[in-house]
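To start, the structure itself, in structure tokens.
In structure tokens, the structure reads:
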């Protein structure tokens, strides 16, 4: 055949649109051109592909080679097209004759100069995107393992271009990689399994984090340096339920799109992201000339911990407002738009003042009232309105710490969290943080005393509509932990203590 048609995938946010790789080998002066809106990385692949074919034992055709990546209006990047282009050249030039139907396969992989296949970014996202196509996916062996985490899709692993050619020309087929093959490689080790037991005291803060975990509410902890804010935040994943398969695939797909890539040992573990306060807006929410997911997307289905919250640039913090509500982030570029999931639980921490010692039992604060107000004003009202729990973390001296017993184990708290979430799912088929305003009116019923208290809270605190509904959701979670069908005044009073200004 002088024309070969193979299939591959592009990556556009969380989507993996199909790409048809058409290769035409014709008579004429030797040339090799790639069309279809390729970026520089793809254009540079021509020399790589030529060397890989020659070093795999084949003659590179001294003819006019045209490669079209369709659809032409979709931007294409990455070296994942090396493999389908090379195979297309071999088929179109009749150097290789296939024994199988090419319509049943998709290809992705980067070629080394010697013909070896190198791993690619986004393999899991690609397999997640094509799970409905019923085609088999041929990938480099190092990428096939993560791609196989998606069920109901056949992943075949290859180490070189020669291996792929042999699959189509001889009875020697590429091995199929399944999740059963790699389960033994996935570590079941859980970080911070007994983390909360190691934290002495701080009962009120640990209770606030338990409530936050049960309903996936956002939290802001305020306390002096060294009081344990960061330590408590880092241990919250120990009381969160493990991810189910659907959540694990979505989170792993986002990680596979990132610069760091996805590690098998992170499978099904609750993500915990802790960006530094010097992080830029692009690094936090995602973007770039070739958009990549940011920290909020890498924390999807997990926790985003922002330590030293007022030290973040205010413009950076303001970009959190949309994804906190929408649970996703849209990034627009001149020629395309991508969307990433960003359903994260925000846990933040800050000092009470610039010097950090306002309210400290032993050290004096050196800040003026004006400095304290200016410091706290770095967190805007709209962002604070989206934080459900504001809790003070007290400082404990060494003598107090030595006398206090160990706290409850993370496993014991986790069981209460799981039980509360089970109640929520049975009642409304979603967690409390996901409730719409109409659903809040339906599921967050107040008893008579609680209704009276709610009116007093509204009058006293001048709650916004968002603040009102968020307080009801928080009270609903407190009631669920107490296994109460109705929100009473005690549940609402505790919720109102947490929902406050700074």
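Numbering (my numbering), first residue to last: 124 to 625.
Positions of the beta carbon are idealized from the N, C-alpha and C atoms, including for glycine.
This structure is a prediction, so every number in the text was calculated from the model and none was measured.
Residue closest to residue i, alpha-carbon to alpha-carbon, out of the options
| i | options | result |
| --- | --- | --- |
| residue 208 | 351, 158 and 248 | 158 |
| residue 137 | 447, 620, 231 and 460 | 460 |
| residue 473 | 400, 265 and 420 | 400 |
| residue 372 | 249, 280, 471 and 429 | 249 |
| residue 190 | 418, 165, 593 and 178 | 165 |
| residue 618 | 172, 462 and 592 | 592 |
| residue 610 | 197, 594 and 625 | 594 |
| residue 541 | 462, 490, 604 and 526 | 604 |
| residue 440 | 500, 328, 579 and 203 | 500 |
| residue 148 | 169, 162, 156 and 126 | 126 |
| residue 477 | 432, 463, 503 and 508 | 432 |
| residue 465 | 487, 435, 427 and 494 | 427 |
| residue 555 | 171, 463 and 336 | 336 |
| residue 216 | 522, 242, 176 and 241 | 176 |
| residue 368 | 290, 445, 274 and 326 | 274 |
| residue 287 | 535, 234, 332 and 615 | 234 |
| residue 602 | 539, 301, 560 and 557 | 539 |
| residue 150 | 168, 171, 184 and 169 | 184 |
| residue 330 | 546, 571 and 535 | 535 |
| residue 451 | 377, 392 and 504 | 377 |
| residue 254 | 276, 244, 517 and 318 | 276 |
| residue 290 | 238, 338, 222 and 444 | 222 |
| residue 421 | 435, 590, 430 and 446 | 446 |
Under 8 Å between C-beta atoms of residue i and residue j
| i | j | result |
| --- | --- | --- |
| residue 205 | residue 232 | yes |
| residue 340 | residue 515 | no |
| residue 374 | residue 363 | no |
| residue 212 | residue 600 | no |
| residue 131 | residue 144 | yes |
| residue 621 | residue 597 | yes |
| residue 323 | residue 529 | yes |
| residue 268 | residue 387 | yes |
| residue 293 | residue 220 | no |
| residue 298 | residue 280 | yes |
| residue 361 | residue 202 | no |
| residue 161 | residue 199 | yes |
| residue 228 | residue 258 | yes |
| residue 395 | residue 423 | no |
| residue 171 | residue 155 | no |
| residue 518 | residue 350 | yes |
| residue 551 | residue 562 | yes |
Supposed contact pair residue j and residue i - C-beta distance, whole angstroms, cut 8 Å
| i | j | result |
| --- | --- | --- |
| residue 247 | residue 453 | That belief does not hold up - the Cβ atoms of residue 247 and residue 453 are roughly 22 Å apart, past 8 Å. |
| residue 174 | residue 236 | 4 Å |
| residue 419 | residue 408 | 6 Å |
| residue 348 | residue 381 | Contact doesn't hold; Cβ gap of about 32 Å is too wide. |
| residue 576 | residue 527 | Their Cβ separation, rounded to whole angstroms, is 33 Å, which puts residue 576 and residue 527 out of contact at 8 Å. |
| residue 332 | residue 355 | 6 Å |
| residue 320 | residue 531 | 7 Å |
| residue 444 | residue 509 | 7 Å |
Inter-residue spacing [alpha-carbon to alpha-carbon] between residue i and residue j
| i | j | result |
| --- | --- | --- |
| residue 574 | residue 581 | 11 Å |
| residue 285 | residue 142 | 23 Å |
| residue 537 | residue 140 | 40 Å |
| residue 548 | residue 448 | 20 Å |
| residue 624 | residue 343 | 11 Å |
| residue 315 | residue 358 | Any answer about residue 315 is weak, because its pLDDT of 48 lies below 50 and its placement is not dependable; what the coordinates show is given next. Approximately 6 Å between the Cα atoms of the pair. |
| residue 346 | residue 196 | 53 Å |
| residue 153 | residue 283 | 26 Å |
| residue 579 | residue 398 | 39 Å |
| residue 613 | residue 584 | 18 Å |
| residue 470 | residue 352 | 10 Å |
| residue 312 | residue 414 | Low confidence applies to residue 312: its pLDDT is 48, below 50, so where it sits in the model is not reliable, and the reading given next is rough at best. Their backbone Cα atoms lie some 33 Å apart in a straight line. |
| residue 402 | residue 497 | 21 Å |
| residue 489 | residue 507 | 26 Å |
| residue 606 | residue 225 | 58 Å |
| residue 588 | residue 301 | 49 Å |
| residue 264 | residue 278 | 10 Å |
| residue 571 | residue 586 | 20 Å |
| residue 393 | residue 167 | 39 Å |
| residue 214 | residue 182 | 13 Å |
Opposing strand residues paired with residue i [DSSP bridges]
| i | result |
| --- | --- |
| residue 142 | 131 |
| residue 360 | In the DSSP output, where bridge partners are listed per residue, residue 360 has none listed. |
| residue 416 | 409 |
| residue 346 | 516 |
| residue 452 | 463 |
| residue 158 | 191 |
CB contact check: residue i to chain B, cutoff 8 Å
| i | result |
| --- | --- |
| residue 377 | You won't find chain B in this structure, because it holds only one protein chain. |
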